[in-house]
Amino acid sequence: MRTTRHTLMACAAVSALFLAGCSSDESTTQDSDSLTIGIKFDQPGLGFKDGETYTGFDVDVAKYVADKLGYTEDQIEFVEAISANRETMLEGDQVDMIFATYSITEERDQVVDFAGPYFVAGQDLLVRADDMDITGPESLSGKNLCSVSGSTSAQRVKDTYDTGSEINLVEQPGYSECLSLLTGGQVDAVTTDDIILAGLAAEEGSGAMKVVGNPFSEERYGVGIPEGSDQCTAINEALTEMFDDGSWQEAIDAATDGTGFVPNADLNPPTLVECAA
Ligand code: GLU
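Sequential numbering of the sequence shown, starting at 1033, is according to the working numbering.
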């Protein structure tokens, strides 16, 4: 899809220069044969890159939807979409879709469109297993807290819990960086969605970290698409099929297996929101 748009643009530029159009053959050879999908690379169980292999729930949902839209796995190109870059990547047509623990928010909805939601998580805290002090966002006073730039998680801390600057919020580009700071003792906690934290804790292993288990938001994961895209309805149809045929459950079970995390059954699978007209 992305390639088509770029091919057409390139052809238009070439025609303007040389007064010669691109033949339709050329367009089809490079044509709409790929789907560029933005995912996270550092969220085990959700979006994770291991060599040339991509795994996790977001990847499984992306592959399912792509298949329903008529793309084979070989036609998908996964690229990294860190939290702070997601809107820009969609606005700049660098990706066709984003499946990257991407919460639907009013602010983001002004500049991109969303299909879904396909999962509802809640913001929570990851701490060292022997930490008995941090029990929720109200107990972070005087603590060093890591979160990711451009995430709703960092924003909520700034807007709601750190109004008197008593929390030392450290913002990093990605979740792996936050985890390293927690492991190294430079921060006392990491905050983001519970399902992400559960995957990080499991990856870290040996019971060194724990998720506090006191969620304080509802994060509705949407499929980010460029504003005005005509794909929303088709994506929602694919998600409905995924909920109905058992594949969604299978994917979420695989994602959370061994993490101890149980998705909120009252909120999942979520009710889809109608696509913007
Ligand atoms: N779901 C939240 C967000 O979209 C936090 C996780 C993330 O950074 O991807 O900002």
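Backbone N, C-alpha and C define an ideal beta-carbon position, used for all residues, glycine too.
Here the structure is a predicted model, which is why all the values come from computation and not from measurement.
Bridge-paired residues (DSSP) for residue i
i            : result
residue 1179 : 1203
residue 1069 : 1110 and 1129
residue 1082 : 1085
residue 1074 : 1080
Buried versus exposed call for residue i [16 or more other C-beta atoms within 10 Å across all chains shown]
i            : result
residue 1090 : buried
residue 1120 : exposed
residue 1313 : As shown, the chain starts at 1033 and ends at 1309. That puts residue 1313 outside it, with no answer to give.
residue 1218 : exposed
residue 1295 : buried
residue 977  : Here the chain covers residues 1033 to 1309 and nothing more, so residue 977 does not appear.
residue 1298 : exposed
residue 1164 : exposed
residue 1203 : buried
residue 1292 : exposed
residue 1231 : buried
residue 1049 : Because residue 1049 sits at a pLDDT of 40, beneath the cut-off of 50, its placement in the model cannot be relied upon, and the point is left open.
residue 1244 : buried
residue 1306 : exposed
residue 1133 : buried
residue 1309 : exposed
residue 1088 : buried
residue 1159 : buried
residue 1288 : buried
residue 1233 : buried
residue 1053 : Low per-residue confidence applies at residue 1053: pLDDT is 38, beneath 50, and the placement is therefore not dependable enough to give any value.
residue 1144 : buried
residue 1092 : buried
residue 1156 : buried
residue 1191 : exposed
residue 1082 : exposed
residue 1262 : exposed
Among the options, nearest to residue i - alpha-carbon criterion
i            : options                   : result
residue 1268 : 1083, 1066, 1094 and 1084 : 1094
residue 1154 : 1234, 1180, 1246 and 1186 : 1246
residue 1123 : 1133, 1110 and 1141       : 1141
residue 1078 : 1298, 1307, 1297 and 1286 : 1286
residue 1255 : 1097, 1190, 1084 and 1066 : 1097
residue 981  : 1271, 1291, 1067 and 1288 : This structure cannot settle anything about residue 981, because the visible part of the chain is limited to 1033 through 1309.
residue 1241 : 1223, 1198, 1258 and 1080 : 1223
residue 1290 : 1248, 1237, 1253 and 1196 : 1237
residue 1185 : 1284, 1234, 1278 and 1227 : 1227
residue 1260 : 1113, 1128 and 1118       : 1128
residue 1112 : 1082, 1159 and 1070       : 1070
residue 1067 : 1088, 1131, 1283 and 1233 : 1131
residue 1173 : 1082, 1162, 1195 and 1181 : 1195
residue 1310 : 1116, 1176 and 1264       : Because the chain spans 1033 through 1309 in this model, residue 1310 falls outside it and cannot be assessed.
residue 1162 : 1221, 1187 and 1229       : 1221
residue 1176 : 1274, 1200 and 1192       : 1200
residue 1208 : 1178, 1135 and 1273       : 1178
Are at least three pairs of beta-carbons, each pair with one atom in the stretch 1101 to 1120 and one in the stretch 1163 to 1174, less than 8 Å apart?
-> no
Complete beta strand (DSSP E) runs within the stretch 1183 to 1268 (minimum length 3 residues, chain order) = 1200 to 1204, 1221 to 1225, 1241 to 1243 and 1251 to 1258
Those runs of the alpha helix (DSSP H) which lie wholly inside the stretch 1123 to 1168 and span at least 4 residues | 1138 to 1141, all fully within the stretch 1123 to 1168.
Segment contact flag, the stretch 1142 to 1149 with the stretch 1198 to 1215, C-beta cutoff 8 Å, min 3 pairs = no
Of all the alpha helix (DSSP H) runs that stay within the bounds of the stretch 1267 to 1297, which reach a length of 4 or more residues?
-> 1279 to 1288
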